[in-house]
Each structure stands twice: as C-alpha cells, then as structure tokens.
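Peer 1: The structure that follows is given in the form of structure tokens.
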Amino acid sequence: MGPRPHDIFINTNNTIYVTSQIANGVLVWSEGNTTPIKNISGNLSNPFGVFVTTAGEIYVDSDNPTGRIDKWALNSTIGIPIMYTCAKCYGIFIDMNNNLYCSMYKFHQIVTKSLDIVSNALTIVAGTGTAGSTPSMLNFPAGIYVNINFDLYVADYSNDRIQLFPSGELNGITAAGARSLDPTITLNAPSGIVLDADNYLYIVDSGNHRIVGSGPNGFRCLVGCSNSSGSAANQLNYPKMLSFDSYGNMFVTDYDNDRIQQFTILTNLCSETITSTLMNIKTTITTQSSNIIKSPSIKNHGTFFIRLDVSYNRPKFNAFPSWNPNGIIFANNSTIGALTMGIFVNTDNTIYVANRANNEIIIWFNNNIGSTQTIQGTFSIPKSIFVTTNGDIYIDNGQTNGQVDKWTLNAIASVPAMYVSSSCYGLFVDINDTLYCSMYDLHQVIAQSLHSVSNKTTVVAGTGCSGSTSNMLNGSCGIFVNTNFDLYVADYHNNRVQLFQSEQLNGITVAGSGSLDTTITLNGPTGIVLDADSYFYIVEFSNNRIVGSGPNGFRCLVGCFESYGSASSQLLSPYTLSFDSYGNMFVTDYGNNRIQKFTFLNNTLDPSYNQPKFCQNASWNPNASTFANSITVGSNPWGIFVNTNNTIYVADRANNEIHIWFNNSIGPTQTIQSNSSQPNSVFVTHNGDIYIDNGAFNHRVDKWILNENTSVPVMDVSVSCFDLFVDTTDTLYCSLASLHQVVKRWLHDNSSILTITAGTGTLGNTSSMLNLPCGIYVNTNFDLYVADYYNDRIQLFQSGEIHGITVVGAESLNTTITLNGPTGIVLDADNYLYIVEFNNHRIVGSGPNGFRCLVGCSSSGGSASNQLLNPATLRFDSSGNMFVTDYGNSRIQKFILLTSSCDETTSTVNPTTTQNQKEHITSTEYMTTSNILTTNQTCFIPKITLIPGISTLSSPIQFRRSQDFYIISLIELNCSNSLSMITQWTITNCTSICLQKIQLDPTIITTLSELYIPRNTLAYGIYELKLTVTMTKIPSLTSSSSVYIQITSSGITANLIEYGTSMITRGKQQNLEFDPGSYSIDYDNNVFNASNWIYKYYCRIYGLYMFPNLQGSLLSIDDMRNDPLNPSCLLNRAGWQFSNSIESSLTILSDSLQSNETYQFMVYMENRRNSSLQATGYVLVKVEDTYPQMILISCIISTLCVPNLEFQFVNPTTQVALFSVCNENCTTIQNIT
C-alpha cells in the first residue's frame, strides 16, 4: 500500500477501496482477501478522496494540480474527467440524487455538480472560499457526508468542529466540537465523518488520534482511547478517514502509521439491534449477523422503511417505442446450451443467463461480446434467474433439489435461499427483499422474506389446482412485482396476464382472455415485464412474438409476421425478456436455442413534414396560384415535399433534377442534378438529407446530403418508388406501385434486405393485397396508410399487421366517400385524412363531420385556377396552405388556407354574461364553465400546465393521507375572440393502468383552475388527476393534462400514556397503567383502531442498564427468561396484567417497581396485516414513596412536538405552547409549576 493512506471506501459487498499516494492509484480488496486484487492507476498522482457507486464506478481525486475528479467505470483501463475544481478534493461524496460533492481542503469550500447534466458548472454548498470560523465559513474542510435528506456534514479540520449545512442552507450549525450549541465533545482537527442509520455521528478525531461517536447517551470515545498516539494495536497516529463494512466493523486509515486498521465490532456488547446504513446510493438489504441489519438507500415513510432502488431496468419510452425487427444473435447454443429460459439484465447492463443444459450461470459484463464469467454450481436444470442490486444471484434449483439457491458475488459456493416443491419458472425479488417463485407445475406463486429466519413460504397467487377463476392459475410462468407490491403473472394455459394487487388472492385479468377491457388475444404467455410507466411487455410463447401496451393500447413489437422460424425477424417459442438500460430487448428464443437482442430504435425524432391543426370547418381559396409551371418543374411532376421550415422540394421527372425553394422565394433557390432517372418521389428528413426515387432505371433510392454534390444509395429496389416516406425511427418506406407492394428498410441497418410491410406482390383487392399502391403515409404509431389506386381505397396497415383495413373508399367499414384513383394521402395533427384523387381531379378531406371536397370541386378536370387535371400528391406548409402537384397541367398549385373560414366556430360570447359555474357531473368528474378573453388571431387547442405536474404512473408525486393538497392549473388560450371554456376534473384509481373511476368525497373542491383534496379523502393508492379543457363553441378544440399522485401512509404515533407525555412520576404503591390502544394516534384515520396491531412491552432501569435481551433479542415484560447483564424492572416478575385479549393495555401492579428509581418503558407495535408498518413509543417513569397524581404535559399544536425516545423534538426557532392536565383526583393540588 505504501505510506500515508488517506481515504477509504467500503461498498455494500464489502469491497475495500483505498487511495494510495505511493502507488498513485486506488487499491482494491475483495471481501476476505488480505492482498489487493486490483491497483487502479493511470493519470493519477497523489490521490486523496475516493467514492464508489453500486455500479462499480470509482470517483477519485486526480493528478490535476488545480483539482479534478476522474470517473473509472467498472473494469475500465482509463479514467475520464468528470469534475473540474479549484483545489484537490480531500473528501468525495455522491448523494441519492446523483450529485457529486468535492471538499476543497485548501480552498475552504464544498462544491457540487449533478452527474445527470452535461455541464461543469459547480454549485457552492458550503464555505466562502476564505478561511474562517463563522457559520458560513470553513477552515480546511476534509471529510464530508450527505444524508438522505441531503443535509451536508463537514469535518471542519482547523476549526475543530463538525459543521452541519441543512439542505439548501449556506450557514452551518456546529453539530460537534468547538462552539456547538449543545455540549458535545472536544475535537482536535477532525478529518472524517460518517453517520449510521440512526444519524449518530462517527468522527475521525485526527489530532487526538482517536475515533469518537455519538449515541442516545451522548458522545464517547470508541477506539484509540489511550489518550496518546502510537503504533500499538489499540493506538492510532493521525488517522484520516473511516468506513464501516456491512457487519459494522470499522476500517480506519492510520495515516502516520502507514496502515489500515480494522476494529471488529463486539456483538456481545450489543443489547439492542444495531442498524448500520452504508450510503452507496443504491444497495440492498441483507442480514449479516443476529444483531446487525444492513439497510440500503431508504426513505423514512413515517415509521417503516422502503428501499428506493431496483436491480432491473424499467426504461421510460415515448408513446410509440419501436425495436429493430431484425434481432441480433447475442448468444447461441454453443454458449448457453439448449432450450434456455432464464435471463436477467441488471442496471449496469450485466447480463446473466441460466444455462439449463450445462447447469451454469453465464455472465457478460460491460457489453462484452463474449461471456466474462461462468458459475458452475450444484443446481440442476435452472429455469429462471434474478440478481439483486448487491450482486446476489438467485437461481432456480427446484426440479431436483427443491430449493432456490443464492450465489453471493465472487463466492465459491451457494446457499439455499428458499425451499420449494417444484421448479421456479419465474423468480423475482421485490424492493422489500421478498423472494417470489412461480411454480408452473403447481399453479402457484409463493414468496418468502429474505430476512426471515424461518423457511416458511406464503402463497401469494394460485390455489395449487389448475383453473381459470380469479383466484386460480394454470401453468404460472413469468412474474413481475412492482414497487406497490402488485404481482403480475403470465398465466400460460389460461392465455392471460393476471394482476394480484398487494395482499389480494383474487386476480384481475389485465391482458388476454377474460380481461375486463379490450386488450389483446394471447396464446401461451410466459414472460411479463413493466416499463417505467407501467406499460406491459409480454412474451407469447405460442404466438412466437413480443407484444406490448401503451397509451394507445396493445400492439405487436417483434416477431410480428405470424410465422415462426430462425430468421433474424423471427422467434420460435420465446420464453422471457429483459431490458437493458438503453431499452434494448434481450429475449430467450427457447426453440432456436439462442438469445436475441432487439435494438431499441430511438423514435424521439420529430416529423420533418407539417401536420397543421385545422378548425372543423377549415377551407381553402378555391382559386389557386401557380407556384411553379412546366418551365421550372418540367412536364408531369409527381413528387413534392414541404418541410417544417417551409422549404419546398420538387422532383423534376423530365429533367432528372430536384428543385428547392428556400425562405418563400419566388423561384428555385437551388437545383440538384441528381443523376436519377425519372424521379417520382422525394422525402427530406430533419437534418436536411434528401431521399430521391431512382428506381425506374437505376433500381435504387439515393440519399443526397445538403450542400454536397454526391449521393449514396440507401435502398435497392427493382422498380420506381411512387412515394417515399421516412418515419420517426429513420425507417425508409417505398411504394412499389407496379409490384403492388410497400417495402421498408431501417436506414441504420447493416443489411440491405427489405421488409415487406403491405401487399403480397400480386395485384388484388383482399385485405392483404394492393393494386398499384401510390402515396404512403406513416404516423407516429407506425401505422401505414396506402393510397391503393386501382382499388379506389385508402388502406390502413396497423403496425406489425399484414392485413389492411379499408378506412376510405370502396368497401370501407364505415360510410366515407367514393374515391376514383387515389394517389396521395396526408394526415393532419388530429389524424384527419387528406386524399388526392387522380381521376376525380380533386382533393378531399375528412373531419369531425365526415368527408367533403376541399379543392378542385367543379367535377371536371381543367387548367383554370379552380381546377386540377390528374393531381398526384399534396403537402401542407406550416401555415396550412396546400401545395399540389398538378400532374396533367405540369404545374404546382398553391391553395391558400382561408383563416376566415373558422369564424363561425369562434363566435364571441357577450362579456356581460360571463360566469363561473361549478356543476357536479359524476362521482369522479367536476366541471367549471368560464369565459376568458384572448387576443391572438388564430385558434389553437388550449395549453394546460399542472402544478405540481412532473410525474408519471411509475413515479407519482407522494402525499401523506393526512395532508391537504392542491393541484393548480395554468390554462393558456390562443384564439381570436372571447371564448367560453369548460374545465372538467376527473380522478381515476390506478394499478398498472388507470381505469377505475372512484366514488369521491363531496368535500373535494374545484374552481376554474384548482383542485383541492382534503386530508383523509382518498384511500391509499395511486391516482390520475386529469384536467380537460374544452372550448364551448368549438368542441373539437379540447386538451387534457394529468398529474399522478400516490397517497401514502402517514404512520402512527405510539403513546403509552395520554398525549404522549415523555416523563411521569408514580408512587411505588400505585398501579401504573399503559394504554397504547387508546392513546396512540393514527394520522390517517379519525380513530385509532387498536385491534389492528400487535403489542409488545419492554422495560429497563434507566441510566443503569439496557433493555433485557438474550443474544440481541429483547425480552418483553411477560417473558420469564433472564438476562444476566440487564435485570428485569419488576421486583415481582408476575406484577403485571393485560387489560384485554388483544393486549393493547398493560397494568404494572403496585409494589412491582423499586422506589427512587427511574424506569423506561417501551411499546413496540406491529400491524397485523402488514408487518412493515411498525411504531415504537417510550415513557420515563420516576417511582417515589409518595402518592403523586399523574400530571400530563403536551403541545397545544401536537405537530410541533415530535416524540423520540425519552425526548420530544421541538424546533428551536418556533414558539411552542404547552398545556398540562391532571389525569386523576387533583382536588388537593393548589397549582402546577
């Protein structure tokens, strides 16, 4: 290691990282090793601070003389600069919001930056940059620590103190050392600071050569307490930093002794459970010994803890995500064996596969092409696998050995984690560290807490018999448990996905056969995964495909061509899937003995074409202006494109050119000699790339890059493309008219193979056939519209479907309009259709009132300004003007949108009748009507902003049930007149989707812009609060905005005596009564229900002994066993009695307590239905020989006093009013002082 070790970091896997000045790097030890397993070095010099995330990323102070932090990714060979500072970082920390902190020792400041933002802008969070001792100043700050409330603790070295900077505050509070508000401990050059799970402080007191710590009884010296420096085992010499391992052992960098010292925790001295929190952003809960629980990144929800992180990926997709339909073989049977089922991809994109054939776990780290590690165990034919955030691997071993095995990271053997009666076809570990196993053969899902000392499992779904009722399963396979503890089961033989809400044994069918709402037909579902918005992704074993849900319902995602096989676009009996952090999909292709990777296509590109939003009666000037004639565009032009900047591109078939008009120029600004032959179509993407048909003679589509004089072929075709289209995933579509097909190719694919998306290649009029397809259009849902010329119809091919639906024209399902030779199709912002009719010489369009003719409506072709002759295609500019290629007249016609055509739908309401009227519409909807004057000259849909509004179904805004709260809206109207507006609030209860409208309390209040939810109105759960705004006179102008909220438990306060008074006096010969069943407070309900809780009572002689325990397990008052070190409080061990059967009240009988002693009584309460809901209450009782009356003291405003052990927390900056009550016969009391 070399001399002078400075910083040390121990992660939750007990891997140790130490900065070594002599090695100019970071030395790494794995748990149990006495020699380093790795030396991370390179471009590092004299490093000081170090911090490691759960992803294995190492942040280390670098060699930059002015200050820099480098990030070393797991197994990387070089670090990358991540933060530039003004001085070297003596301390480094990353908080739960991924903010990186640096303690600039020589600059007397702490700075931070977000790791989620690409910027080197730093924020000063403590210190002025000048040495000093005021609350806002620091003097050589060293170690730092940030708790889960984002409060910053600083070891202020030369000020001999620990400074606490509450979140957002630049003035610190001295929490320990010189000039602290309360007596603490004298410090001398503190250099390190760590907090435990109870926020007690552990301080490296460098100048005093010791480690000190706080606790419920104040500060004390922990190690190095000999009052002198030295090199003996019990001595330190200028220690610098400390870190705990998961067992509570303390590792200290003993700077001047050139060593790392390990101080082992003495578990036999612990009379109460010790909880240690190692803040590594994301960890997991594991029990390490009988009296130490390692807690992760957690939030305190009242009185219980829930872990925030998950080990698997739940990507957030847009409304219409898509994947490359051609999968890549990630692994074949030579690597993973035959008939692989289980796969898991963690948040670091490490991939784990259960090799059934060879009884192995195959692991790929860091996107490696080949496997990185293979684990060979005693498991047999494993079908499923799950990995937690700390790297523990849970593997099915049920078929032969009847258990689920756990492999800890780098272990050489496994241990049983759960005993089962059958193979687990699905495994899952939820955020409370509960392990679930789906037993296909037994038609059940069972669960067991990983912290339980018992091997007992709980049935959470299924009866054990096959069946299709709501409480039964038939061949349960894949499972998924969300953060609300709702269980989703792929119910194979029932062809459905069942949702079992938390603690419910009756399931709800959310997809497939028997679902309440129309979803999708499933055939043998085996896998189920949810994304960040709780949309479903389902593996259909028997349909050989992956389907998914979204805001617009279900659709096929991959394997969508109704045939199985081994081609890259096909699957054969897929079993399960897992996402990586990029949204790529990994599928176990069971029948093909391979893992297929389907690459996520980033379809966040905005369309490059215009989709105007029109009013319902929009019309165009019937007399067009000629934008370009045959002199400019040649004879018989066909293709035109107008981008969102209103640049116009026309394909000149006669001269093999592309003409371009920029900035509303009268004549072409640029002409491209395209080397194409009779180009029929042109399409331009956002980056200016021009795609040109060159299929007639050269059999390809070319791409021209703007301002370059060369083109490259991007698609090979055998005939001309009568239309081209590039969707938002960069997929290029070509309409092969003479081949009666539409084909496509992803522009980033290495393969040139085309995919047929519509048509069989043979002319016909069935749903799967086309007859001279011309114009095409692909919406953002990837649905394809085709102008089917000879069939006189518009065909819609929904994403992944080869059978079209006739939406307009001959044989359409609904009455529409008769078409004659349609050649062009465009959609507007509301998905209304605009169709070019070649043989009827006109443009027709749909709207809320059906179809109508728009231009060229004289019923005859011609060359007049109001006529067209065989028009071919049309495009809109951003103003809604229409550009039409008038093929027969060899010209481009421009039809101006008449803004006055919307006047009849925007009539002004007399301002004297303005009113704000609220009307109750249904049990879940509230409506308000109002008039607002707007001044803009055009009409658009209202814009709604909700405050607070940044939320999703998977990340709702949390409110405690005991809170009142408001949702406020900002509504912007943009129209030319004073308009009447209707606002309507809707509240819907959500699970994975939001369907169930709820019966509301009449106390909910709405105004024009606000929704008020009083406390205790909504039950626990997630809700969608939606505001819909509709213009009264133009009902088509409507918009909605939603906010997702979660109502959570406020917890309870356990009070042994009335008002929760912290200390009372009692006579030795008086009975002492405790009644938490009557005096405890449930903030979420008006009355505390005592029968819902289990009660355990404990007592200790205060100040002399701890609570009696055996091996760390507390002994309750009614437990007759003895602790030799901590005696019972009761002189008479039988001197107590319960007052009722549920034990919610306890009486300590007279003469059972010793006089002139103080006792501390504690009640531990656990909810009978949810053991994670817990509360603890305390009271101190001073026993005298007199007969005192019980005097109770409490806060008038109860929320200003917060119980905590023997004290009440009171905000020192707030005035607190108290009251006192005599609880017994107080007629003889003169006064209370």
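According to the numbering used here, the sequence shown holds residues 1 to 1233 in order. We put the beta carbon where it would ideally sit given N, CA and C, even for glycine.
1. For Ala131, which residues from the same chain have a beta carbon less than 8 Å from its beta carbon, with the 5 sequence-adjacent residues on both sides left out?
2. From Met1, Asn544, Leu953 and Val404, pick the residue whose C-alpha is nearest to that of Asn484; which is it?
3. By DSSP's criteria, Gln504 is part of a beta bridge. Which residues make up the other side?
4. Going by Cα to Cα distance, which pick from Asn779, Gly809 and Gln798 is closest to Asp788?
5. Pick helix, strand or coil for Leu874, following the three-state DSSP scheme.
6. If I measure Cβ to Cβ from Tyr966 and keep anything under 6 Å in the same chain, skipping five residues before and after, which residues do I get?
7. Run through the stretch 623-648 for me and flag every whole alpha helix (DSSP H) of 4 or more residues, listed as ranges in chain order.
8. Residue range of the beta strand (DSSP E) that Ser41 falls in?
9. What is the residue span of the beta strand (DSSP E) that Tyr59 lies within?
10. Should Lys997 and Ile971 be called a contact, given that it needs their Cβ atoms to be closer than 9 Å?
11. DSSP state of Ala178, grouped into three classes?
12. Quick check: Ile211 and Leu222, are their CB atoms within less than 9 Å of each other?
13. Can you tell which of Thr1030, Leu201, Glu1184 and Ile381 has the C-alpha that lies nearest to the C-alpha of Tyr1159?
14. Sort Ser167, Tyr200, Glu169 and Ala189 by Cα distance to Ala175 and report the nearest one.
15. Can you name the residues that DSSP bridges to Tyr145?
16. According to DSSP, simplified to helix, strand and coil, what is Cys1129?
17. By alpha-carbon positions, which one of Asp886, Tyr492, Ala532 and Gln448 ends up nearest to Phe317?
18. Is Gly1077 helix, strand or coil by DSSP?
19. Here's the rule I'm using: 16 or more other beta-carbon atoms within 10 Å means buried, otherwise exposed. How should Pro1035 be labelled?
20. Roughly how many angstroms lie between the CA atoms of Ser167 and Ser619, to the nearest whole one?
21. At the level of alpha carbons, what is the spacing between Asn814 and Asn543?
22. Compare the beta carbon distance of Ser311 and Met241 with 9 Å and say whether it is the shorter of the two.
23. Identify which residue in Ser1078, Arg4 and Tyr1083 has its Cα closest to the Cα of Asn1140.
24. Ignoring anything shorter than 4 residues or poking outside the stretch 311-391, list the alpha helix (DSSP H) runs there in chain order.
25. CA-CA distance, Thr19 and Thr54?
26. Measure the alpha-carbon distance for Leu44 versus Gly25 and round it to whole angstroms.
27. From Ile260 to Asp205, what does the alpha carbon distance come to, in whole angstroms?
28. Between which two residues does the alpha helix (DSSP H) carrying Gln399 extend?
29. What would DSSP say about Asp1082, mapped onto helix, strand or coil?
30. Where Asn257 and Leu236 are concerned, what is the direct C-alpha to C-alpha distance, given to the nearest angstrom?
31. By DSSP's criteria, Tyr394 is part of a beta bridge. Which residues make up the other side?
32. Within the continuous beta strand (DSSP E) that includes Pro1255, where are the two ends?
33. If we call anything under 9 Å between Cβ atoms a contact, is Phe344 one with Phe379?
34. Using C-beta distances below 6 Å, list every residue in its chain close to Leu571, excluding the 5 sequence neighbours before and after it, in chain order.
35. By a C-beta neighbour count over all protein chains shown, 10 Å radius and 16 as the cutoff for buried, is Ser1144 buried or exposed?
36. Nearest-angstrom Cα distance between Asn910 and Glu837?
Peer 2: Reading off the structure:
1. His108, Met137, Leu138, Asn139, Phe140 and Ser158
2. Leu953
3. Paired residues: none, contrary to the question.
4. Gly809
5. strand
6. Glu1010 and Tyr1012
7. 630-633
8. Lys38 to Ser41
9. Ile58 to Asp61
10. no
11. coil
12. yes
13. Glu1184
14. Tyr200
15. Tyr153
16. coil
17. Ala532
18. helix
19. exposed
20. 58 Å
21. 31 Å
22. no
23. Ser1078
24. 333-336
25. 18 Å
26. 6 Å
27. 16 Å
28. Gly398 to Asn401
29. strand
30. 7 Å
31. Phe386 and Lys406
32. This structure cannot speak to residue 1255, because the chain is shown only from 1 to 1233.
33. no
34. Asn544, Gly559 and Asp589
35. buried
36. At Asn910, the pLDDT of 29 sits below 50, so the modelled position is not reliable; the number obtained from the coordinates is stated separately. Cα to Cα, the separation comes out at about 44 Å.
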